[in-house]
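Residue numbers (this note's numbering): 353 to 553.
All C-beta atoms, glycine included, are put in the ideal place defined by N, C-alpha and C.
Note that the coordinates shown come from a computational prediction; the quantities given were computed from them, not determined experimentally.
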Amino acid sequence: MLLHRAALLLALLASPALSLGSGFGALRGQAQRLPSLGPFLERYVGSCRDEFTRSDCEHNVREVRRSLDHRVYAASVAEQTLDIVKPQRIHGGYRFLVTPFIDGGGLALTHGEPRRQDAAGHPLIAFLVMEGPLPAGLDELALESALRTGRVELEVVFRPEGTWKLKRKGERGFYEGVKARFLGLRLVDSRSGIEIASRVY
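Take a look at the structure:
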């Protein structure tokens with residue numbers, strides 16, 4: 353998976369987190385829901401490999417991007433949540449470090465774009481941060497259990513802003529994906545539906 357190749361570059365944000373749930377529901381309500389992230393990424397990036405049809409193909413891809421740009425989308429990332437969300441216990445609650453590098457089946461959705469790689473060739477990308485107190489209806493033991501067993505789901509609201517491509521260091525091929533502006537994140541207990549944390553950026 354691309355995700356497993358992404359190195360994590362910690363960049364904690366200095367501004368305080370918004371209160372839990374602040375604005376996320378309204379933001380998600382205005383977004384177009386994607387049942388699956390992979391097909392959206394494939395459609396946005398496009399693939400024009402036939403030299404005889406490349407010109408028409410690239411024109412069509414540009415038209416598709418124009419139709420998708422300037423819109424807001426929402427997607428759930430259930431399978432990868434434990435890979436991209438790292439909890440930290442802090443005084444009075446939790447901090448969640450989110451790696452905004454989401455594998456969509458060979459293409460990645462990222463907040464901004466990775467421009468560098470570490471010595472091993474892993475893309476570097478900065479964390480986004482959510483933090484706050486324990487939510488009502490979920491005690492510490494229940495939260496720890498949800499995190500330990502993978503019973504959590506990350507929701508992301510984003511706006512696409514273009515594509516990126518990064519030559520793999522020391523091997524053939526590229527990392528490739530859609531650079532986006534992550535507008536909001538929300539972490540929920542997938543069994544109870546209780547919101548664990550959220551933030552609007």
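C-alpha distance - residue i paired with residue j, whole-angstrom precision
i	j	result
E523	H474	11 Å
P487	G514	36 Å
P466	L518	8 Å
L535	L480	11 Å
D408	T501	48 Å
V450	Y396	24 Å
R414	M482	35 Å
V561	A494	The first residue shown for the chain is 353 and the last is 553, placing residue 561 beyond what the model contains.
S374	E403	In this predicted model, S374 has a pLDDT of only 49, less than 50, meaning its place in the structure is not dependable; the value taken from the coordinates is given anyway. Near 50 Å, if we compare the C-alpha coordinates of E403 and S374.
D541	A471	36 Å
R406	L393	19 Å
A478	G464	9 Å
G545	G489	11 Å
T444	R401	A quick correction: the sequence has Gly, not Thr, at residue 444. Approximately 54 Å, taken between the alpha carbons.
P485	Y446	6 Å
I442	V429	25 Å
W516	R385	23 Å
L555	R543	Beyond the ends of the chain as shown, which are 353 and 553, falls residue 555; an answer cannot be given.
V424	S497	33 Å
Cβ-based burial, residue i [other Cβ within 10 Å; buried from 16]
i	result
P452	buried
A426	buried
R551	buried
A532	buried
L506	buried
R538	buried
Q469	buried
A460	buried
T462	buried
F526	exposed
R380	buried
I548	buried
S371	Here S371 scores only 38 on pLDDT, less than 50, and its place in the model is too uncertain to base an answer on.
P512	buried
H411	exposed
A558	The displayed coordinates of the chain run from 353 to 553. Any statement about residue 558 would go beyond what the structure contains.
Cross-strand partners of residue i (DSSP beta bridge)
i	result
D408	DSSP output for D408 lists no bridge partner at all.
Q384	Y425
P475	Q469
L527	Position check: residue 527 holds Tyr in this sequence, whereas Leu was assumed. Its beta-bridge partners are L518.
A532	H463 and P512
D541	V504
L480	V450
R441	Y446
D435	BP columns for D435 are empty, so no partner.
V552	G536
E492	Looking at the DSSP assignment, E492 forms no beta bridge with any residue, so it has no partner.
E547	V540
D402	DSSP lists no partner for D402.
Query raised in the report: Do the segment 426 to 440 and the segment 448 to 463 meet, that is, are 3 or more Cβ pairs less than 8 Å apart?
Result: yes
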